[in-house]
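Residue numbers (this note's numbering): 8 to 273.
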């Protein structure tokens, strides 16, 4: 199995835990907690900043003793937009599940001067990108232009069955602004119906890295460098939650030259 593909390590509780150390990189961390109603999870941000994404379900969220109340409204990631909470560096947090809950904990190096806040559905409108079989639906949770974080960029994408996404292929693995930014990235995958699968390829121009993976419900793929397109197979819609971070909070990508002709109208 590819080292870039991380399978869930449990059926409930802490299902995924990606750290910079386990991934072999510097910036991005990701965890996924699956709780039953009445269960609790929490922790300390330390020198990281966090984005808690309620992938599905509801929870009472508290940051440094500030109670944000019960958050969440969707019971599947394939409907509507998520609630999320930004947790700044040095803060403690707690989530008390009031229903079944899938809670993502996205992390990256934190900075000074940022405050905890709720990111509600509709804060950033869902966008339709592409056309034909390259159509997908994108919700920015923490985009680069919101000024609310030191490092984190967080976005979710729904790709209908039979469509492609993160496509035409692009990469962001060079600290070469304004042409391209260096950003590590994780993909947390879900499928609808959940017994399905999708395909993801991660590859570089020289093919020194070239991995094609069949991703299943709950898998995480790591993108340390290179292009990283996704294809949702017929009959199964794809959802993924992206976490990106690097030395600068800027998403500037480079398109694969041989596929640039596809950008006409997509």
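Glycine residues also receive a C-beta, built at the ideal position from the N, C-alpha and C atoms.
From a predicted model like this one, the values you see are computed outputs, not experimental measurements.
By the DSSP assignment, the alpha helix (DSSP H) with residue i in it spans what residues?
{"i": "residue 28", "result": "27-30"}
Since residue i contacts residue j with CB under 8 Å, what's their CB separation in whole angstroms?
{"i": "residue 209", "j": "residue 218", "result": "5 Å"}
{"i": "residue 239", "j": "residue 172", "result": "7 Å"}
{"i": "residue 3", "j": "residue 35", "result": "This structure does not reach residue 3, given that the chain is present from 8 up to 273, and the question cannot be answered."}
{"i": "residue 44", "j": "residue 24", "result": "Contact doesn't hold; Cβ gap of about 23 Å is too wide."}
{"i": "residue 156", "j": "residue 121", "result": "6 Å"}
{"i": "residue 234", "j": "residue 170", "result": "Wrong, their Cβ atoms sit about 18 Å apart, outside the cutoff."}
Name the two residues that bound the continuous beta strand (DSSP E) containing residue i.
{"i": "residue 126", "result": "124-126"}
{"i": "residue 91", "result": "90-94"}
{"i": "residue 100", "result": "99-104"}
{"i": "residue 238", "result": "237-239"}
{"i": "residue 216", "result": "Element bounds for residue 216: n/a, residue is neither H nor E."}
{"i": "residue 182", "result": "180-183"}
{"i": "residue 141", "result": "Where residue 141 is concerned, there is no enclosing beta strand (DSSP E), given that its DSSP letter is neither H nor E."}
{"i": "residue 68", "result": "66-70"}
{"i": "residue 150", "result": "Taken as a continuous stretch (DSSP letters only), residue 150 belongs to no beta strand (DSSP E), as it is neither H nor E."}
{"i": "residue 354", "result": "No answer is possible for residue 354: the residues shown for the chain start at 8 and end at 273."}
{"i": "residue 55", "result": "55-63"}
{"i": "residue 75", "result": "73-78"}
{"i": "residue 49", "result": "47-51"}
{"i": "residue 254", "result": "Taken as a continuous stretch (DSSP letters only), residue 254 belongs to no beta strand (DSSP E), as it is neither H nor E."}
{"i": "residue 226", "result": "Where residue 226 is concerned, there is no enclosing beta strand (DSSP E), given that its DSSP letter is neither H nor E."}
Buried or exposed: which applies to residue i, given that a residue is buried once 16 or more other Cβ atoms fall within 10 Å of its Cβ?
{"i": "residue 264", "result": "exposed"}
{"i": "residue 149", "result": "buried"}
{"i": "residue 241", "result": "exposed"}
{"i": "residue 16", "result": "exposed"}
{"i": "residue 154", "result": "exposed"}
{"i": "residue 132", "result": "exposed"}
{"i": "residue 184", "result": "exposed"}
{"i": "residue 55", "result": "buried"}
{"i": "residue 109", "result": "buried"}
{"i": "residue 9", "result": "exposed"}
{"i": "residue 123", "result": "buried"}
{"i": "residue 98", "result": "buried"}
Beta-carbon within less than 6 Å of residue i's beta-carbon, same chain only, minus the 5 sequence neighbours each way: which residues are those?
{"i": "residue 197", "result": "84, 224, 246"}
{"i": "residue 163", "result": "146, 248"}
{"i": "residue 60", "result": "89, 91, 111"}
{"i": "residue 100", "result": "49, 70, 94"}
{"i": "residue 201", "result": "224"}
{"i": "residue 125", "result": "75, 92"}
{"i": "residue 136", "result": "143, 145"}
{"i": "residue 134", "result": "145"}
Run through DSSP, which three-state label would residue i get?
{"i": "residue 193", "result": "strand"}
{"i": "residue 160", "result": "strand"}
{"i": "residue 266", "result": "helix"}
{"i": "residue 86", "result": "coil"}
{"i": "residue 24", "result": "strand"}
{"i": "residue 247", "result": "strand"}
{"i": "residue 33", "result": "coil"}
{"i": "residue 165", "result": "strand"}
{"i": "residue 186", "result": "coil"}
{"i": "residue 177", "result": "strand"}
{"i": "residue 131", "result": "coil"}
{"i": "residue 233", "result": "coil"}
{"i": "residue 261", "result": "strand"}
{"i": "residue 11", "result": "coil"}
{"i": "residue 17", "result": "coil"}
{"i": "residue 201", "result": "coil"}
In its own chain, which residues sit with a C-beta less than 8 Å from the C-beta of residue i, not counting the 5 before and 5 after it?
{"i": "residue 270", "result": "175, 262"}
Spatial neighbours of residue i within its chain, please: CB distance less than 7 Å, with the 5 preceding and 5 following residues excluded, ordered by chain position.
{"i": "residue 258", "result": "151, 160, 179, 188, 190, 251"}
{"i": "residue 46", "result": "104"}
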